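If you read the sequence shown in the working numbering, its first letter stands for residue 53, the second for the next number, and so on.
Here a beta-carbon is modelled for each residue, glycine too, at the ideal position from N, C-alpha and C.
As the structure is a prediction and not an experimental result, all values here were calculated from the model.
To start, the structure itself, in structure tokens.
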Amino acid sequence: MAVQGIVRDTVSGDPIPFAIVRVAGEHRSTLTSRAGAFRIDVPPGPVVLEIRKIGFRMVSLTVTASRDVHDVAILMRPIPVELASVTVSADYENPALRIIRQAIARKNDLLARINDYRYDAYVKFVVRDLKKTEDLPESIVLLTETQTTAYWEQPDRYQEVILARRQSRNLDAERNLVSVGQIVNFNRDRIDVGRYAVVSPTADDALDFYDYQLIDTLWSGEQMVFRLAIEPRSRARPLFAGMIDIADSTFDVQAVDVGANEALRFPLFTNLRYRQRLQPVGEDAWMPVEIRFSGELHVGVPIPGFPNHLSFAHVASLENYRFDQGGTPSSLGEYLMVVDDQADRIDSTAWEERRAVPLTDTERAAWIRIDSIESQPPPFGRRVLGATVGAIGIAANEDVFHFNRVEGAYLGVGGTLSELSPKLVLRGKTGYAFGSEEWQFHFGGWYRVSEPQRLWVGVAYRDETRSRPSVIAGGRNTTFGALVDKDDPLDYFQERGFTVSVQTKVVNFVRLQVAYHDMDHASRSVASEYSILDRDEIPRPNPPVVPGRFRSLSASLTYDSRPRLKRKGRDFVFNTFTYTQVTLGTEYASPSVLDSEFDFLRYYVRLTRRQRTLNLGLTTIDAVIGAAGGNLPPQRYFTVDFGRSEGPFLESDGFNTLNATNFSGNRVAMVHVRHDFGQQAFNWLPLLRELPLTLSISGGMFVTDFVDHAVNPGDELAQRAPTPYGELGFGIGNFLPMLSPLNPSVWFVWQVTNYDSDRFALRVELPQF
């Protein structure tokens, strides 16, 4: 049986989040959610519920659950603060502060004695439809299980290997990367939770951020345990709230049960809760043996065949700790996760033997139900959704369809084949451009020579339209703007020939790529003036290039701090919230050395840095500096392009007031900075704290120029920015939360220099997925 209800403030009537609800005389307790709601299992017969919250009087309530679920409403009265009656004594200290200080010292002592440890784990991930009864199989919409082994080493290096995994048939196996490492580690002083770095309740400086109160003493086996309430000192700073259990005499942390305060907010997600249970595992150490992370997901826009109110539960059972055995994995520090080659080949019998936590009857029935549904033809709603998603995917695949002003509409086929062998990747595409009325193709392959060094050799042959290098829109699919509104920021040329390249790892996080190019280059002219909106204006001219036999050597050295995933012999990069990426690139062409019709040396440095700044959101810095000597042809000019700035949509890391003007040169310097506060900016303002709005600011500056440069045909079309071009702007978002996740933000951008382009731009930024 269970008791559920809502805890409210008697004065304001507001729900009270993270109040502790405990069954008196039992080791059963829970926290109220952000909305003040709770649910707790109780034994048969009358029981006493005790509800505690710092700043409120304790409530004791006797209830009898006569049905499966008993509903109650609980009111808590704030404790009045009477300053005149406060007496300060130097001899008194809150006992909770003494206990938490001892717990922090105990944690630091443990970590100082351990160099490394290993453990094995079983992890389960369950997603439920909250609009359906919890004990029915129909309520479960996704289920995964993984078995892992992990290694941790000082100061904070971690790697986890997925040894076995299985998932309901509505999830592709390659997407099942559920592991323990995705759940926060409370032994760290700062815990990375999405865009936030949150102070741990046992951090060295935790008392600067949290208040603690001793609310209970419990008996666990033969040892007394102190239960402390954790309360953030600031409503504006992202922090945790809840309770922590600490053993008497040894001061080992035995359990943690916390939620996120009102400043720790995420789009779509609510009622995030973290629970951890620890036990002695040898070496005089208490370590986590069970971790639970749960929450709810709300989708504002109905999606056919997809529930809009979900809950998730991420549960890990940890065992078999081994301390200071050495044997550091060779890839530790670079690979955060490795998927074993046999991970998908464990049969069901072995799973039953190795499963640390049994599935419930409901979960077993749900697994059978989901797999049965997936083996049947999908219902009409899901077919419509699948067709829509497929059409969007095709439209976004440039190998299948793209549109620009020199090719017009392009239709083709293409793709990458990587399943034949872990050592071989083949890529090919071919198609017809209706505007320029020609066939195009690109075929190539990569072969892995050495796995430890990630040494790959590749060759490609192509005859296709290519875009000139650009700082803003380079490498992006610009079809949408070009097709809808003639918003095409790229310049194009024809390239026919081959490339031979070698790529290898230099050291961890650093890769080197060297390539030889042997091509014929030719200019392309505008071949299509079509747009869906049928605007009368003529498309921007496509500037000519210097034609001829283009032979060059290029090299790039890239440092990327993001951790990697190894899966089936191949590497993938995790898109983390914070990272640093630095690329040093150069290209050389010479008639005397390479028998090329071109003669130049081009080099550049690009930095991208994303970081948490003062825990007030994410700052993204993008900077480029480049120069070239010799007679640089137009197809290798440095160009700061207008991206999408002519249309209605924001160029998030570009310049939105350029108004269809590209600035080029053989010298370039650019810096663009954006800071996304999220809702943090308003958390510090009491009158605006409850608003769901987000705030972002951005600004940038660049210069381009020609120095010691011989004039090329078409240079009269090239715009220069010999003095800095700059702009500033800000954006307000989440003003339509009922449309989540399709919730745009509105940006206001001003040019702060004196160039003949837009002085002001109003843009819409679409959400990123």
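Enclosing beta strand (DSSP E) for residue i [first to last residue]
i: V692; result: F690 to V692
i: K481; result: L476 to A485
i: L188; result: Here L188 belongs to no beta strand (DSSP E), and DSSP marks it neither H nor E.
i: I68; result: No beta strand (DSSP E) contains I68, which DSSP labels as neither H nor E.
Simplified DSSP state of residue i, which is helix, strand or coil
i: L259; result: helix
i: Q555; result: strand
i: E386; result: coil
i: L769; result: helix
i: G334; result: coil
i: I216; result: The residue you asked about is not Ile; residue 216 is Ala in the sequence shown. Looking at A216 - three-state DSSP - the assignment turns out to be strand.
i: M790; result: helix
i: S522; result: coil
i: V391; result: strand
i: G57; result: strand
i: Q377; result: coil
i: V353; result: coil
i: V138; result: Because V138 carries a pLDDT of 43, less than 50, the predicted location of this residue cannot be relied on, and the following value inherits that uncertainty. Residue state, collapsed to three classes: coil.
i: E348; result: strand
i: E489; result: coil
i: A225; result: helix
i: Q265; result: strand
i: G706; result: coil
i: V250; result: strand
i: Q505; result: coil
i: G445; result: helix
Closest Cα partner of residue i within the set the options
i: N683; options: V634, P765 and L702; result: P765
i: A607; options: G637, L324 and D623; result: G637
i: M865; options: D187, V351 and S604; result: Look at the range of the chain in this structure, 53 to 821, and you will see that residue 865 is not part of it.
i: F453; options: P189, T468 and A485; result: A485
i: P593; options: P615, S553 and F545; result: F545
i: G579; options: Q663, S488 and L585; result: According to the sequence displayed, residue 579 carries Ala and not Gly. Ranking Q663, S488 and L585 by Cα distance to A579 puts S488 first.
i: E371; options: F364, P69, T201 and E639; result: T201
i: P615; options: G233, D757, R227 and I92; result: G233
i: V804; options: D588, L740, N708 and V99; result: N708
i: L127; options: D93, T556, R662 and I103; result: I103
i: E314; options: R329, A337 and A288; result: A288
i: V816; options: S704, L476, L745 and T756; result: S704
i: T114; options: A125, I106, G107 and K105; result: A125
i: Q199; options: K176, I192, E190 and A76; result: K176
i: T84; options: Q377, T322, E426 and I152; result: T322
i: K105; options: T635, G97 and P69; result: P69
i: D810; options: V723, E742, L739 and N711; result: N711
Cβ neighbour criterion (16 or more within 10 Å) applied to residue i
i: F734; result: buried
i: V501; result: exposed
i: G445; result: exposed
i: N560; result: exposed
i: V42; result: Since the first residue shown for the chain is 53 and the last is 821, residue 42 is missing from the structure and cannot be characterised.
i: V140; result: Here V140 scores only 49 on pLDDT, less than 50, and its place in the model is too uncertain to base an answer on.
i: M790; result: exposed
i: M110; result: exposed
i: D336; result: exposed
i: V676; result: buried
i: L463; result: exposed
i: R317; result: buried
Residue span of the alpha helix (DSSP H) that contains residue i, given as start and end
i: T531; result: T531 to D537
i: E415; result: D413 to E426
i: W204; result: Counting along the chain, W204 falls outside any alpha helix (DSSP H), though it belongs to the beta strand (DSSP E) covering I192 to E205.
i: E405; result: S400 to R406
i: R165; result: P147 to R165
i: L646; result: P643 to L646
i: N735; result: Q732 to N735
Proximity test, residue i beta-carbon vs the ligand PLP heavy atom, cut-off 7 Å
i: E415; result: Absence of the ligand PLP is noted for the structure shown, with no ligands found whatsoever.
Quiz item: Counting pairs of Cβ atoms below 8 Å between the segment 258-267 and the segment 643-655, do you hit three or more?
Solution: The way I'd put it, the segment 258-267 doesn't touch the segment 643-655; fewer than three beta-carbon pairs between them come closer than 8 Å.
Exercise. Specify whether the segment 690-698 and the segment 715-728 touch according to this definition: at least 3 beta carbon pairs, one from each stretch, less than 8 Å apart.
Key: The answer is yes - the segment 715-728 touches the segment 690-698, with three or more Cβ pairs under 8 Å.
Self-check item: Stretch-stretch touch, CB-based, cutoff 8 Å, three pairs: the segment 737-756 with the segment 778-791
Solution: Yes, the segment 737-756 touches the segment 778-791.
Quiz item: Taking three-plus beta-carbon pairs below 8 Å as touching, is the segment 307-325 in contact with the segment 154-171?
Solution: Result no; under three Cβ-Cβ pairs closer than 8 Å.
Quiz item: Is the segment 568-587 touching the segment 456-469 in the sense that three or more CB pairs, one from each, lie closer than 8 Å?
Solution: The segment 456-469 is in contact with the segment 568-587.
Quiz item: Counting pairs of beta carbons, one from the segment 208-225 and one from the segment 410-426, are three or more of them closer than 8 Å?
Solution: Verdict: yes, contact present.
Quiz item: Using 8 Å as the threshold, is the segment 264-279 in touch with the segment 169-182, meaning 3 or more CB pairs across them?
Solution: They do not touch, by the three-pair rule.
Quiz item: Given 8 Å as the limit, is there contact between the segment 526-545 and the segment 496-515, that is, 3 or more CB pairs closer than that?
Solution: With fewer than three CB-CB distances shorter than 8 Å, the segment 526-545 does not count as touching the segment 496-515.
Quiz item: Would you say the segment 278-298 touches the segment 339-355, given that touching needs at least three Cβ pairs under 8 Å?
Solution: Judged by Cβ distances under 8 Å, the segment 278-298 makes no contact with the segment 339-355, as fewer than three pairs qualify.
Quiz item: Are three or more beta carbon pairs between the segment 550-568 and the segment 723-731 nearer than 8 Å?
Solution: Touching, no, given that fewer than three Cβ pairs across the two stretches are closer than 8 Å.
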